[in-house]
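Participant:
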Amino acid sequence: MRSVVLDTETTGMPVTDGHRVIEIGCVELMGRRLTGRHFHVYLQPDRESDEGAIGVHGITNEFLVGKPRFAEVADEFFDFIKGAQLIIHNAAFDVGFLNNEFALIGQTDRADLTQHCSILDTLAMARARHPGQRNSLDALCKRYGVDNSGRELHGALLDSEILADVYLTMTGGQTSLSLAGNASDGNGSGEGSGNQATEIRRLSADRQPGRIIRASESDLTEHAARLDAIAKSAGGPSLWTQLLDAKGQTLQ
1 MRSVVLDTET TGMPVTDGHR VIEIGCVELM GRRLTGRHFH VYLQPDRESD
51 EGAIGVHGIT NEFLVGKPRF AEVADEFFDF IKGAQLIIHN AAFDVGFLNN
101 EFALIGQTDR ADLTQHCSIL DTLAMARARH PGQRNSLDAL CKRYGVDNSG
151 RELHGALLDS EILADVYLTM TGGQTSLSLA GNASDGNGSG EGSGNQATEI
201 RRLSADRQPG RIIRASESDL TEHAARLDAI AKSAGGPSLW TQLLDAKGQT
251 LQ
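Residues 1 to 252 in UniProt numbering are what the sequence shown lists, from first letter to last.
Next up, the structure:
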């Protein structure tokens, strides 16, 4: 599945008060991997931003002078997101603003993105998984150990990159898995892999047995500390700990 993680910044809110989009940032995922492709643009909104909004994203009215209007980038933006799963934090906000931008330039056939893309709202997902807790993007970064140290202000491209990391961690942790032994980068995506499974290579029955390296006391201590950190972050014990408890075992 092709997914696009998307974020916008605006002159303020709500959209019904005439507020406009001033920044769009998107990053592409294919098969739970960042491809390196992105779409990013600042926009001239033909109105001033609220002071409160500027305090959030730091994009001044002066900075936007001379930037393209939405009509100038609409086709390129639509081509980038068309047919993709859009991953958005608080999707109703961004989708509402983008639908309005298409409507304002007369592209009514594009003014309902749900007709062209599927929408996954990570805020709704986080609220379902962590009811009663803070589920802002910053809170999720802290909960899942995602580095957001460069996020002093909101920014559409930066926030979409951070959200991509949060989404991948929140929905599985391990972002890629391949059993293809001939991929040049070791993860099944190298040149010549073609994303196709390769033949399983059987090990000889009379091969030299591998050497068993047992964990040291310091290894076990660090492992236990890591499990404690996971438990605190997730609000409950890790699956590893639960399995050990169920069997009445301890780390050794």
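For every residue, glycine included, the Cβ atom is placed at its ideal position computed from N, Cα and C.
Here the structure is a predicted model, which is why all the values come from computation and not from measurement.
Report yes or no: do three or more beta-carbon pairs, one from the segment 22-32 and one from the segment 40-52, lie closer than 8 Å?
Facilitator: The answer is yes - the segment 40-52 touches the segment 22-32, with three or more Cβ pairs under 8 Å.
Participant: Going by alpha carbons, who is nearest to residue 113 out of 91, 99, 15 and 167?
Facilitator: As a working note, residue 113 is residue 113 in the sequence shown. If we check each option's Cα against that of residue 113, 99 comes out closest.
Participant: Taking DSSP as the reference, what is the three-state secondary structure of residue 15?
Facilitator: On the sequence shown, position 15 is the one that residue 15 refers to. The answer is helix: DSSP assigns residue 15 an H, G or I state.
Participant: So residue 9 and residue 156 are in contact, right, with Cβ under 8 Å, and what is the actual spacing, rounded?
Facilitator: For the purposes of this step, residue 9 is identified with residue 9 of the sequence shown, where counting begins at 1. For the purposes of this step, residue 156 is identified with residue 156 of the sequence shown, where counting begins at 1. About 5 Å; that satisfies the 8 Å criterion.
Participant: Would DSSP call residue 214 helix, strand or coil?
Facilitator: For the purposes of this step, residue 214 is taken as the residue at position 214 of the sequence shown. Residue state, collapsed to three classes: coil.
Participant: Note down the Cα distance separating residue 253 from residue 125, rounded to an integer number of angstroms.
Facilitator: This structure cannot settle anything about residue 253, because the visible part of the chain is limited to 1 through 252.
Participant: Could you tell me the boundaries of the beta strand (DSSP E) in which residue 170 lies?
Facilitator: Along the sequence shown, one-based indexing puts residue 170 at 170. Per DSSP, residue 170 belongs to no beta strand (DSSP E); it is in the alpha helix (DSSP H), 156-170.
Participant: With 16 as the cutoff for other CB atoms within 10 Å, does residue 1 come out buried or exposed?
Facilitator: The count along the sequence shown starts at 1 and reaches residue 1 at position 1. The residue is exposed, with fewer than 16 neighbouring Cβ atoms inside 10 Å.
Participant: At the level of alpha carbons, what is the spacing between residue 51 and residue 64?
Facilitator: As a working note, residue 51 is residue 51 in the sequence shown. As a working note, residue 64 is residue 64 in the sequence shown. Whole-angstrom Cα-Cα distance: 15 Å.
Participant: Taking residue 53 as the reference, give the member of 68, 220 and 15 with the closest Cα.
Facilitator: By 1-based counting over the sequence shown, the position of residue 53 is 53. Comparing Cα-Cα distances from residue 53 to each of 68, 220 and 15, the minimum goes to 15.
Participant: With a 10 Å radius around its C-beta and 16 neighbouring C-beta atoms as the bar for buried, classify residue 122 as buried or exposed.
Facilitator: For the purposes of this step, residue 122 is taken as the residue at position 122 of the sequence shown. With 16 or more other Cβ atoms within 10 Å, it is buried.
Participant: Taking just the CA atoms, how far does residue 38 sit from residue 83?
Facilitator: As a first step, residue 83 must be located in the sequence shown, where it is residue number 83. As a first step, residue 38 must be located in the sequence shown, where it is residue number 38. Answer to the nearest angstrom: the Cα atoms are 16 Å apart.
Participant: Please classify residue 133: is it buried, with 16 or more other beta-carbons within 10 angstroms of its beta-carbon, or exposed?
Facilitator: Locating residue 133 in the sequence shown gives position 133, where the first residue counts as 1. Counting Cβ neighbours within 10 Å, residue 133 comes out exposed, since fewer than 16 surround it.
Participant: Could you give the DSSP three-state label for residue 117: helix, strand or coil?
Facilitator: What you label residue 117 is simply residue 117 of the sequence shown in a count that begins at 1. Coil, per DSSP.
Participant: For residue 7, which residues from the same chain have a beta carbon less than 6 Å from its beta carbon, with the 5 sequence-adjacent residues on both sides left out?
Facilitator: Start at 1 with the first residue of the sequence shown, and residue 7 comes out as number 7. Same-chain partners within the cutoff: 25, 156, 159 and 160.
Participant: Could you check where the beta strand (DSSP E) with residue 6 kicks off and where it finishes?
Facilitator: Indexing the sequence shown from 1 puts residue 6 at position 6. Unbroken beta strand (DSSP E) run through residue 6: 2-10.
Participant: Three-state secondary structure (DSSP) at residue 41?
Facilitator: Sequence index remark: in the sequence shown, residue 41 carries index 41 (1-based). Strand at residue 41.
Participant: Please classify residue 55 as buried or exposed, where buried requires at least 16 neighbouring CB atoms within 10 angstroms.
Facilitator: Here residue 55 is taken as the residue at index 55 of the sequence shown, counted from 1. By the neighbour-count rule (16 or more Cβ atoms within 10 Å), residue 55 is not buried but exposed.
Participant: Which whole runs of the beta strand (DSSP E) in the segment 65-92 are 3 residues long or more, in chain order?
Facilitator: Here the runs fully enclosed are 85-88.
Participant: Taking residue 144 as the reference, give the member of 117, 128 and 172 with the closest Cα.
Facilitator: By one-based count along the sequence shown, residue 144 stands at place 144. Nearest of 117, 128 and 172 to residue 144, Cα basis: 172.
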